[in-house]
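Participant: One structure coming up, written as C-alpha coordinates, with questions to follow.
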Amino acid sequence: MAVGYRIGIITVSDKGARGERVDESGPAIREMVKNLGEIVKYEVLPDDLDRLIEAFIDLSDRDSVDLILTTGGTGLSPRDNTPEATLAVINRHVPGLAEAMRAESLKKTGRAMLSRAVAGIRNRTLIINLPGSVKAVRECLEVILPELPHGLEIMTGRGGECGR
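Numbering-wise (this note's numbering), the sequence shown opens with residue 378 and increments by one.
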(Lines of atoms letter the chains of each structure in order from A and count residues from 1; the text may use other names and numbers.)
(Lines give C-alpha, C1' and ligand atoms only; values in the text may rest on other atoms or scores of the structure.)
Protein backbone atom coordinates (compact mmCIF):
# COMPACT_ATOMS: atom_id res chain seq x y z
CA MET A 1 0.00 0.00 0.00
CA ALA A 2 1.40 3.39 -0.99
CA VAL A 3 2.25 5.87 1.74
CA GLY A 4 1.45 8.78 -0.54
CA TYR A 5 4.72 10.57 -1.16
CA ARG A 6 5.32 12.29 -4.47
CA ILE A 7 8.46 10.98 -6.16
CA GLY A 8 10.59 12.11 -9.09
CA ILE A 9 13.17 9.90 -10.78
CA ILE A 10 15.93 11.27 -13.00
CA THR A 11 18.35 9.10 -14.92
CA VAL A 12 21.44 11.10 -15.81
CA SER A 13 23.02 9.78 -18.99
CA ASP A 14 24.20 11.48 -22.16
CA LYS A 15 23.73 8.26 -24.15
CA GLY A 16 20.35 7.59 -22.57
CA ALA A 17 19.14 11.11 -23.34
CA ARG A 18 20.19 10.66 -26.98
CA GLY A 19 18.39 7.31 -27.19
CA GLU A 20 21.63 5.37 -27.58
CA ARG A 21 21.21 3.38 -24.36
CA VAL A 22 18.15 1.82 -22.74
CA ASP A 23 17.69 2.99 -19.17
CA GLU A 24 17.43 0.06 -16.77
CA SER A 25 18.26 1.91 -13.56
CA GLY A 26 15.30 4.32 -13.59
CA PRO A 27 12.77 1.49 -13.97
CA ALA A 28 14.55 -0.44 -11.19
CA ILE A 29 14.15 2.56 -8.88
CA ARG A 30 10.49 2.86 -9.85
CA GLU A 31 9.86 -0.78 -8.94
CA MET A 32 11.71 -0.58 -5.62
CA VAL A 33 10.03 2.62 -4.35
CA LYS A 34 6.49 2.00 -5.63
CA ASN A 35 5.21 1.42 -2.09
CA LEU A 36 6.39 4.87 -0.99
CA GLY A 37 3.94 6.71 -3.21
CA GLU A 38 3.35 8.01 -6.70
CA ILE A 39 6.03 8.51 -9.34
CA VAL A 40 4.95 11.91 -10.63
CA LYS A 41 7.85 12.34 -13.03
CA TYR A 42 10.50 10.16 -14.61
CA GLU A 43 12.94 11.49 -17.14
CA VAL A 44 16.29 10.73 -18.72
CA LEU A 45 18.50 13.81 -18.92
CA PRO A 46 21.98 14.47 -20.27
CA ASP A 47 24.90 15.11 -17.92
CA ASP A 48 24.41 18.86 -18.17
CA LEU A 49 24.86 20.81 -14.94
CA ASP A 50 22.45 23.64 -15.71
CA ARG A 51 19.75 21.28 -17.02
CA LEU A 52 20.02 19.11 -13.90
CA ILE A 53 19.79 22.12 -11.59
CA GLU A 54 16.70 23.29 -13.48
CA ALA A 55 15.11 19.83 -13.26
CA PHE A 56 15.74 19.58 -9.48
CA ILE A 57 14.27 23.03 -8.88
CA ASP A 58 11.23 22.29 -11.05
CA LEU A 59 10.53 18.98 -9.31
CA SER A 60 10.96 20.49 -5.87
CA ASP A 61 9.40 23.93 -6.23
CA ARG A 62 6.83 23.51 -9.01
CA ASP A 63 5.88 19.84 -8.81
CA SER A 64 6.21 19.68 -4.98
CA VAL A 65 7.75 16.23 -4.93
CA ASP A 66 8.83 14.84 -1.57
CA LEU A 67 11.65 12.73 -2.96
CA ILE A 68 13.95 12.98 -5.99
CA LEU A 69 16.05 9.92 -6.77
CA THR A 70 18.78 10.27 -9.35
CA THR A 71 20.81 7.54 -11.01
CA GLY A 72 24.06 8.17 -12.80
CA GLY A 73 26.53 11.01 -13.06
CA THR A 74 28.21 10.36 -9.69
CA GLY A 75 31.62 9.16 -10.86
CA LEU A 76 34.88 10.84 -11.79
CA SER A 77 34.21 11.64 -15.44
CA PRO A 78 34.34 15.32 -16.35
CA ARG A 79 30.70 14.93 -17.50
CA ASP A 80 29.52 13.53 -14.12
CA ASN A 81 27.62 16.55 -12.74
CA THR A 82 24.89 15.06 -10.57
CA PRO A 83 26.50 15.79 -7.18
CA GLU A 84 27.32 19.37 -8.19
CA ALA A 85 23.74 19.95 -9.35
CA THR A 86 22.43 18.52 -6.09
CA LEU A 87 24.79 20.63 -3.98
CA ALA A 88 23.76 23.73 -5.94
CA VAL A 89 20.09 23.37 -4.94
CA ILE A 90 19.98 21.84 -1.46
CA ASN A 91 19.62 23.83 1.76
CA ARG A 92 20.68 21.02 4.11
CA HIS A 93 22.95 18.01 3.75
CA VAL A 94 21.93 14.46 4.73
CA PRO A 95 25.36 12.80 4.61
CA GLY A 96 24.35 9.58 6.35
CA LEU A 97 22.45 8.32 3.31
CA ALA A 98 25.45 8.54 0.95
CA GLU A 99 27.76 7.24 3.69
CA ALA A 100 25.54 4.20 4.28
CA MET A 101 25.34 3.44 0.57
CA ARG A 102 29.11 3.71 0.13
CA ALA A 103 29.82 1.62 3.24
CA GLU A 104 27.58 -1.21 2.06
CA SER A 105 28.83 -0.99 -1.52
CA LEU A 106 32.45 -1.19 -0.34
CA LYS A 107 31.70 -4.67 0.96
CA LYS A 108 31.12 -5.68 -2.65
CA THR A 109 33.60 -3.54 -4.61
CA GLY A 110 36.45 -1.18 -3.83
CA ARG A 111 35.21 1.05 -6.63
CA ALA A 112 32.46 2.27 -4.31
CA MET A 113 34.98 4.67 -2.78
CA LEU A 114 35.01 6.51 -6.11
CA SER A 115 31.35 7.48 -5.77
CA ARG A 116 30.71 11.18 -5.26
CA ALA A 117 27.00 10.69 -4.55
CA VAL A 118 25.40 13.13 -2.11
CA ALA A 119 22.02 13.56 -0.45
CA GLY A 120 20.28 16.61 0.90
CA ILE A 121 17.10 18.59 1.33
CA ARG A 122 15.79 21.43 -0.79
CA ASN A 123 12.94 23.00 1.16
CA ARG A 124 10.72 19.91 1.68
CA THR A 125 12.24 17.69 -0.98
CA LEU A 126 14.83 15.02 -0.23
CA ILE A 127 17.29 14.51 -3.10
CA ILE A 128 19.39 11.34 -3.20
CA ASN A 129 22.03 10.48 -5.78
CA LEU A 130 22.31 6.79 -6.64
CA PRO A 131 24.94 5.12 -8.82
CA GLY A 132 24.35 4.54 -12.52
CA SER A 133 24.38 0.76 -12.81
CA VAL A 134 21.17 -1.14 -12.17
CA LYS A 135 23.02 -3.58 -9.86
CA ALA A 136 24.45 -0.75 -7.75
CA VAL A 137 21.10 1.07 -7.68
CA ARG A 138 19.42 -2.02 -6.24
CA GLU A 139 22.17 -2.59 -3.68
CA CYS A 140 22.15 1.03 -2.52
CA LEU A 141 18.37 1.34 -2.34
CA GLU A 142 18.20 -1.87 -0.30
CA VAL A 143 20.40 -0.14 2.30
CA ILE A 144 18.49 3.13 2.61
CA LEU A 145 14.93 2.14 1.70
CA PRO A 146 14.00 0.82 5.17
CA GLU A 147 14.76 4.25 6.71
CA LEU A 148 13.31 6.48 3.98
CA PRO A 149 9.69 6.36 5.18
CA HIS A 150 10.67 7.65 8.61
CA GLY A 151 12.92 10.35 7.16
CA LEU A 152 10.25 11.50 4.74
CA GLU A 153 7.64 11.44 7.49
CA ILE A 154 9.72 13.74 9.69
CA MET A 155 10.86 16.00 6.82
CA THR A 156 7.32 16.54 5.52
CA GLY A 157 5.84 17.05 8.97
CA ARG A 158 3.68 13.92 8.74
CA GLY A 159 5.52 12.27 11.62
CA GLY A 160 5.96 12.99 15.24
CA GLU A 161 8.62 11.78 17.61
CA CYS A 162 11.90 10.27 16.45
CA GLY A 163 12.45 8.19 19.59
CA ARG A 164 11.73 4.49 19.37
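Even glycine gets a Cβ: it sits at the ideal position worked out from N, Cα and C.
#1: Rounded to a whole number of angstroms, what is the C-alpha to C-alpha distance between His470 and Ile521?
#2: In whole angstroms, give me the CA-to-CA distance for Leu453 and Asp425.
#3: If you follow the beta strand (DSSP E) that Ala494 is in, where does it begin and where does it stop?
#4: Report the start-end ranges of each beta strand (DSSP E) in the stretch 437 to 516 that is 3 residues or longer and not cut off at the edges.
#5: Under 6 Å: does the beta carbon of Val421 sit that close to some heavy atom of the ligand ZN?
#6: In whole angstroms, what separates the C-alpha of Thr459 from that of Arg488?
#7: With a CB to CB cut of under 8 Å and the five nearest residues on each side skipped, what residues in its chain are close to Ile406?
#8: Between which two residues does the alpha helix (DSSP H) containing Gly403 stretch?
#9: Since Ala480 contacts Ala496 with CB under 8 Å, what's their CB separation in whole angstroms?
#10: Provide the residue span of the alpha helix (DSSP H) that contains Leu522, from first to last.
#11: Check the C-beta distance from Ser498 over to Thr463 and give it rounded, since I have them as a contact under 8 Å.
#12: Among Ala477, Arg501, Lys484, which has the Cα closest to the Cα of Arg493?
#13: By the three-class DSSP mapping on this structure, what secondary structure does Ile384 have?
#14: Using DSSP's beta-bridge definition, name the partner residues of Glu415.
#15: Take Val421 as the anchor and find which of Lys392, Ser441, Leu436 has the nearest alpha-carbon.
#16: What is the DSSP secondary structure of Glu397, counted as helix, strand or coil?
#17: At the level of alpha carbons, what is the spacing between Pro404 and Leu491?
Facilitator: With the structure as the only source:
#1: Here residue 470 is taken as the residue at index 93 of the sequence shown, counted from 1. Here residue 521 is taken as the residue at index 144 of the sequence shown, counted from 1. Rounded to whole angstroms, His470 to Ile521 spans 16 Å at the Cα level.
#2: Along the sequence shown, one-based indexing puts residue 453 at 76. Along the sequence shown, one-based indexing puts residue 425 at 48. Approximately 15 Å, taken between the alpha carbons.
#3: Start at 1 with the first residue of the sequence shown, and residue 494 comes out as number 117. Element bounds for Ala494: n/a, residue is neither H nor E.
#4: 444 to 448, 496 to 499, 502 to 507
#5: In terms of ligand content, the structure shown is empty, and the ligand ZN therefore cannot be addressed.
#6: Position 82 of the sequence shown holds residue 459. Position 111 of the sequence shown holds residue 488. Cα-Cα distance, rounded: 18 Å.
#7: Counting from 1 along the sequence shown, the entry for residue 406 is found at position 29. Within the same chain, Ile406 has close Cβ partners Ile386, Leu446, Thr448, Leu507, Val514, Leu518.
#8: Along the sequence shown, read from residue 1 onward, the residue named residue 403 stands at position 26. First-last of the alpha helix (DSSP H) with Gly403: 402 to 410.
#9: One-based indexing of the sequence shown puts residue 480 at position 103. One-based indexing of the sequence shown puts residue 496 at position 119. Going by Cβ atoms, the distance from Ala480 to Ala496 rounds to 14 Å, so no, they are not a contact pair.
#10: Translated into the one-based positions of the sequence shown, residue 522 becomes position 145. Where Leu522 is concerned, there is no enclosing alpha helix (DSSP H), given that its DSSP letter is neither H nor E.
#11: Residue mapping note: residue 498 aligns to position 121 of the sequence shown, counting from 1. Residue mapping note: residue 463 aligns to position 86 of the sequence shown, counting from 1. For the sequence presented, residue 498 should be read as Ile rather than Ser. Not really, about 10 Å apart at Cβ, beyond 8 Å.
#12: Residue 493 sits at position 116 when you count from the first residue of the sequence shown. Cα-wise, what sits closest to Arg493 is Ala477.
#13: Within the sequence shown, the letter at position 7 stands for residue 384. Strand at Ile384.
#14: Numbered from its first residue, the sequence shown carries residue 415 at position 38. Its beta-bridge partners are Arg383.
#15: The sequence position of residue 421 within the sequence shown is 44, counting from 1. With distances taken between Cα atoms, Val421 lies closest to Lys392.
#16: Here the question's residue 397 lines up with position 20 in the sequence shown. In this structure, Glu397 counts as coil in the three-state DSSP scheme.
#17: Taking the first residue of the sequence shown as 1, we reach residue 404 at position 27. Taking the first residue of the sequence shown as 1, we reach residue 491 at position 114. Rounded to whole angstroms, Pro404 to Leu491 spans 24 Å at the Cα level.
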